[in-house]
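Trainee: The structure is given below, and queries will be raised subsequently.
There are 2 protein chains.
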Amino acid sequence: MQLTETHRPTLDQALEAIRTRAYWSPHPEHPKAYGESAPADGLAAFEALRGTRFDLDQPGTDDWTGGEVSPYGPELGIEYPHPDLDVLLPAMRAGMAGWREAGPETRALVCLEILSRISARTHEFAHAVMHTSGQAFMMAFQAGGPHAQDRGMEAVAYAYAEQVRTPAAADWSKPQGKRDPLELRKTFTTAGRGISLLIGCNTFPTWNGYPGLFASLATGNPVLVKPHPRAVLPLALTVRVAREVLAEAGFDPNLVALAVERPGEGIAKTLAVRPEIKIIDYTGSTAFGDWLEANARQAQVYTEKAGVNTVVVDSTDNYKGMLSNLAFSLSLYSGQMCTTPQNFLIPRDGITTDAGHKSYDEVVGDLAASVGGLLGDDARANALLGALVNPDVKGRLDGAAGLGEVALPSRKITNPEFPNAVVRTPVIVKLDGAKPDTEAVYLTECFGPVSFAVAVDSTADSLELLRRTVRDQGAMTVGAYTTSAETERAIEDVCLDESAQLSLNLTGGVYVNQTAAFSDFHGSGGNPAANAALCDGAFVSNRFRVVEVRRQA
Amino acid sequence: MQLTETHRPTLDQALEAIRTRAYWSPHPEHPKAYGESAPADGLAAFEALRGTRFDLDQPGTDDWTGGEVSPYGPELGIEYPHPDLDVLLPAMRAGMAGWREAGPETRALVCLEILSRISARTHEFAHAVMHTSGQAFMMAFQAGGPHAQDRGMEAVAYAYAEQVRTPAAADWSKPQGKRDPLELRKTFTTAGRGISLLIGCNTFPTWNGYPGLFASLATGNPVLVKPHPRAVLPLALTVRVAREVLAEAGFDPNLVALAVERPGEGIAKTLAVRPEIKIIDYTGSTAFGDWLEANARQAQVYTEKAGVNTVVVDSTDNYKGMLSNLAFSLSLYSGQMCTTPQNFLIPRDGITTDAGHKSYDEVVGDLAASVGGLLGDDARANALLGALVNPDVKGRLDGAAGLGEVALPSRKITNPEFPNAVVRTPVIVKLDGAKPDTEAVYLTECFGPVSFAVAVDSTADSLELLRRTVRDQGAMTVGAYTTSAETERAIEDVCLDESAQLSLNLTGGVYVNQTAAFSDFHGSGGNPAANAALCDGAFVSNRFRVVEVRRQA
């Protein structure tokens, strides 16, 4: 395998990108970029997996399990290996020494080869992501393909950079006045910590999974992948590719393995406290994230949990652009992103815009109309909304109408290709922020296509509420619209104080809920929504340790 | 204050040193390097502090407390401010925004100015460290002065390097085919996490305290210093200097403050779970370190706890050098270093040396004789041993003779200058590693001048025991002597697997218990003795978060 020739230039570009944080991506977003036969090949490959046993030739497989049903209706019918942990975990550890000896560069290049082979199969992955997450095809293609691969490569770049900050060897000579200097020869080896556990999520199995997977693998750790039971296939494919590449490159394929649980088994809880597990990456509910942080004491735990995302609406010089930008943010994947805005804080006296003063009711009405217009055509609505990922989301959506005055009711949309898909437009509910009983409503994450237009007394009131929301509930994103430099500064100060990522005055084709690898940080790691950011030094630096050996020279 | 002109070249040198890990120190080790009057001035300054109230002009001082008694006998008689936390903590937070706005470079340079003023007063600090830790003067001077300052500067360098890995701003332009590119202007600000708590230790108040203190301050956090009740003065002086420099540089002096507790108050436990405390640095007992890790869940917790340090004795081509090197390691500061060897694993059939085969009894006897010779002269013994830091150490020493056959009894030494000092030479106890009841003895840390010569069946046996010791008990250091390349490799593998720092075949003027800032890692952070290493990226990267603000361009 010509790892260096093939991938070192890419690694260098990735290292440059994380240094400048300018735009860069090696993975094309356009389906057509993958070749003429790629769409049909990818679909065929996906279809060929259905109704089969997904064998990975892992040690310690004691059963077969799996029951994925696409949010679009069809059962996938795929069975995956169920692990005997007492066999699988020792087998995974066995490859660690060889992987350590390979060193940071070889590990990085092997990871890039894995990503490269995943990239070549992006169409197949897109169908796998679509039929597990409920994302529409184009989003599953982009977010589940190139964007996820970008995040994985970003993690490899950070991991490599962090490991080579310390030289492999140093000669140390300390002057002793007239006497001979003290001299030592020192070597520094980066050593992984142990088995890393990836606990995948339902909505973005690859995008949220790749950073931790590749950060851990690149820093010398075996990675055990425990997918969400509803979204196994994208990560099972990933594990298969990783094992193939590892074996071809002369390493133990068991450095990456899959653990799929039986229904109701709760294997993540068992795994999380196993002494062999030294690192955990998790995306999911706050309740289980908090449990992991409290109980998996033997491991480094990286969590992305829930938050309440806020948009402060103060004023704008592009009213129409603001509305269409926000309408898109609310609609994309039916609001089922951890970065989708939930609360719009709007002064009850209205706001100043380039289209004149707009009352609270007008702003909310215009936002509702903008969402309605965007999703008025069923074909476009299907392409934007995808399907509701699970019945819990539908339950919250159905309950939202009872929470306040409905400014925009949810509409049921039929997907002609998949008639069993549950497709719904977002609901917008009006709430009076001054009423004490509404606070419990909007200060709780309501994951899915539900947002609240909260009437506040003033923008000062918004900022106080924003601060409290981020501090107490956490936030993956904050958005704001203002034409006042003073207000802008005040919003920035809140975000700096409370560690929240801020998007200001977005009116074009970039949305508050989207972040780009190599440039944007996903989460801050500094508020309750997540204890880590994608991706920075802190995300990789504690996944390995530097062991020094010093010898008298 | 000409911060840039004065300190930027030093910062650049420090950055280069952590990149190469070659020898470097800007702080002279020789007492004479500080000027002719420095020794007398330093002593006078120390004496002038005795019997006074150490006022820091901190907000929220509700009482005065302090009861330090020098391990050399004299009471210091100094009273320190006792904090009303509900006043002091908010006052400390108030300075955070201004400190954040200063940016990474200014923060680093202010930290270097603090270190520079501490350096100028090294003689005064030496007496303060000596009369709180019990270190002999020369060690208090070097370890408490230049070596501690080096470690502080190393932390500043890591903190600065970590923060500037992300640029302050980036222009992002994403091509859109024939359409205009998407463009965003992004800013990235490093923001501290909140108040950082330093819980100081008795034996090395400055050396173990400065890394955390300066890492947190340089990354934008206020630092509250909670010294060990027996070792307040060195850190109180540090806080005073820091507050002076901060105020002169135009920042809030309350960014650094002191919290001294009343006898038995246990203020560390109260502070550790306050919501304002976001970072904790701790050096001390395993029990309290484990408590902090389990309970201070709102904070990033960096601990250095206890370990059992092992020396594997397999063979040597410099028997005399090995013996004298080990004798010095055992004697320095009466073995009261977290890095002092405790267990010598020696094959019961003896070892091969350049002076012929040596039986287990001969090796132990020769080591005992070497220690005896080194400490035979009382003046030199006093200069090496210092005083026992507290009655607990003396208790363990007194009890050691009952643990096995004594190869070298402890000897009481009189210090003519300080007749009340408790000065003792180390004890060496022989144990049979094969006897099950001895394991509980040598696999427990026995902090102080007590070491065990453990007879093992073979070097293979040593390695198995070494692995188990590091894995279960932790280790700050591992030493080994071998002339076999194969054995050397096997020892390295154990240390790489279990994340322990290894010194091989030291026979000259470098000792297993000494590490040099900018080059050696102190601890690995990967075994139970400590969850962090001094100093690496992981030690600084989670003390701040990067907050991004992106605006449509």
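Chains as they are written, first to last, in my numbering: chain D, 282 to 834; chain X, 282 to 834.
Note that the Cβ used here is the ideal one computed from N, Cα and C, for glycine as well.
Do the CB positions of Ile480(X) and Asp562(X) come within less than 8 Å of each other?
Mentor: Closer than 8 Å, so yes.
Trainee: Whole angstroms is fine: what's the gap from Pro837(D)'s alpha carbon to Asn606(X)'s?
Mentor: Summary: the structure shown does not reach residue 837(D), with chain D confined to residues 282 through 834, and so no result is reported for it.
Trainee: Using a beta-carbon distance below 8 Å, is Asn663(D) in contact with chain X?
Mentor: Chain X, which has no Cβ nearer than 8 Å to the Cβ of Asn663(D), makes this no.
Trainee: Listed from N- to C-terminal order along the chain, which residues in the segment 426-448 of chain D have their beta-carbon within a distance smaller than 7 Å of any beta-carbon of chain X?
Mentor: Within the segment 426-448 of chain D, the qualifying residues are Glu443, Arg446, Thr447 and Pro448.
Trainee: In whole angstroms, what is the alpha-carbon distance linking Pro352(X) and Gly458(D)?
Mentor: Using only the alpha carbons, I get a separation of about 33 Å.
Trainee: Alpha helix (DSSP H) containing Gly818(D): first to last residue?
Mentor: Gly818 to Ser822 is the extent of the alpha helix (DSSP H) around Gly818(D).
Trainee: Please return the same chain residues whose Cβ sits closer than 8 Å to the Cβ of Val708(X), not counting the five positions on each side in sequence.
Mentor: Contacts found: Leu678, Ala681, Ala682, Val687, Leu689, Pro690, Ser691, Pro730, Val731 and Ser732.
Trainee: Give the secondary structure of Gln430(X) by DSSP, where H, G and I count as helix, E and B as strand, and everything else as coil.
Mentor: Residue state, collapsed to three classes: helix.
Trainee: Any beta carbon of chain X sitting closer than 8 Å to that of Leu266(D)?
Mentor: This structure leaves residue 266(D) out entirely; chain D is present only between 282 and 834.
Trainee: Taking all protein chains shown into account, do 16 or more other C-beta atoms lie within 10 angstroms of the C-beta of Ser822(D), making it buried, or fewer, making it exposed?
Mentor: Label assigned to Ser822(D): buried.
Trainee: Rounded to whole angstroms, what is the Cα-Cα separation between Trp453(D) and Pro307(X)?
Mentor: C-alpha separation (whole angstroms): 16 Å.
Trainee: If I measure Cβ to Cβ from Thr291(X) and keep anything under 8 Å in the same chain, skipping five residues before and after, which residues do I get?
Mentor: Around Thr291(X): Pro307, Leu393 and Met434.
Trainee: Could you check the C-alpha separation between Ser497(D) and Val526(D) for me, to the nearest Å?
Mentor: So the alpha carbons of these two residues sit roughly 16 Å apart.
Trainee: Below 8 Å on the Cβ atoms is my contact criterion, and I expect Gly806(D) with Arg826(X) to pass it. Report the Cβ-Cβ distance as a whole number of Å.
Mentor: That belief holds up - the Cβ atoms of Gly806(D) and Arg826(X) are roughly 5 Å apart, short of 8 Å.
Trainee: If you run the structure through DSSP and keep just helix, strand and coil, what is Thr584(D)?
Mentor: Thr584(D): strand per DSSP, three-state reduction.
Trainee: Compare the C-beta of Lys467(D) against all C-beta atoms of chain X and say whether one is closer than 8 Å.
Mentor: With 8 Å as the cut-off, Lys467(D) counts as an interface residue toward chain X.
Trainee: Checking the sheet assignment: what are the DSSP bridge partners for Glu356(X)?
Mentor: Its beta-bridge partners are Val350(X).
Trainee: Between Arg770(X) and chain D, is any beta-carbon pair separated by less than 8 Å?
Mentor: So, not an interface residue.
Trainee: Relative to the alpha-carbon of Ala538(X), which residue among Ser477(X), Val828(X), Arg398(X) and Leu463(X) has its alpha-carbon at the smallest distance?
Mentor: The residue with the shortest Cα to Cα distance from Ala538(X) is Ser477(X).
Trainee: Looking at the C-beta of Val828(D), does it have a partner C-beta in chain X at a distance below 8 Å?
Mentor: Val828(D) counts as touching chain X.
Trainee: Within 10 Å of its beta-carbon, does Ala702(D) have 16 or more other beta-carbons around it, so buried, or fewer, so exposed?
Mentor: Ala702(D) is buried by the Cβ-count criterion.
Trainee: Going by DSSP, which residues form a beta bridge with Arg832(X)?
Mentor: Paired residues: Leu785(D) and Arg466(X).
Trainee: Enumerate, from N- to C-terminal direction, the unbroken alpha helix (DSSP H) stretches of 4 or more residues contained entirely within the segment 741-802 of chain X.
Mentor: Listed in chain order, they are 766-779.
Trainee: For the candidate residues Gln430(X), Ala649(X), Thr285(X) and Lys601(X), whose alpha-carbon lies nearest to that of Ala734(X)?
Mentor: Nearest option by C-alpha distance: Ala649(X).
Trainee: Measuring only between beta-carbons, confirm whether Thr788(X) sits less than 8 Å from chain D.
Mentor: Interface residue, yes.
Trainee: Can you name, in chain order, every residue of its own chain whose Cβ lies under 7 Å from the Cβ of Arg334(X), other than the five neighbours on each side?
Mentor: Hits under 7 Å: Trp345 and Glu360.
Trainee: Got a sec: is the Cβ-Cβ distance from Gly760(X) to anything in chain D below 8 Å?
Mentor: Not closer than 8 Å to any Cβ of chain D, the Cβ of Gly760(X) fails to qualify, so no.
Trainee: Enumerated in chain order, which unbroken segments of the alpha helix (DSSP H) with a length of 4 residues or greater are wholly contained in the segment 638-686 of chain D?
Mentor: 641-655, 659-666 and 672-681, all fully within the segment 638-686 of chain D.
Trainee: Taking Thr763(X) and Ser596(X) to be in contact with their CB atoms under 8 Å, please state how far apart those CB atoms are, rounded to whole angstroms.
Mentor: Indeed they touch by this definition, with Cβ atoms about 5 Å apart.
Trainee: When you compare the segment 567-582 of chain X with the segment 534-554 of chain X, are there three or more beta-carbon pairs, one atom per stretch, that lie closer than 8 Å?
Mentor: With a cut-off of 8 Å, the segment 534-554 of chain X and the segment 567-582 of chain X count as touching, because enough Cβ pairs lie within range.
Trainee: Given a cut-off of 8 Å on the beta-carbon distance, is the pair Val670(D) and Asn483(D) in contact?
Mentor: Yes.
Trainee: If you draw a straight line from the alpha carbon of Val506(D) to that of Ala383(D), how long is it in whole angstroms?
Mentor: One C-alpha to the other measures close to 22 Å.
Trainee: Identify every residue that forms a DSSP beta bridge with Trp345(X).
Mentor: According to DSSP, which records beta bridges pairwise, Trp345(X) is partnered with Pro362(X).
Trainee: On the criterion of 16 or more Cβ atoms from any shown chain inside 10 Å, does Asn576(D) qualify as buried, or is it exposed?
Mentor: By the 10 Å Cβ count, Asn576(D) comes out exposed.
Trainee: Does Trp453(D) come out as helix, strand or coil in the three-state DSSP assignment?
Mentor: Looking at Trp453(D) - three-state DSSP - the assignment turns out to be strand.
Trainee: Counting only C-beta atoms, is Ser780(D) closer than 8 Å to chain X at any point?
Mentor: With 8 Å as the cut-off, Ser780(D) counts as an interface residue toward chain X.
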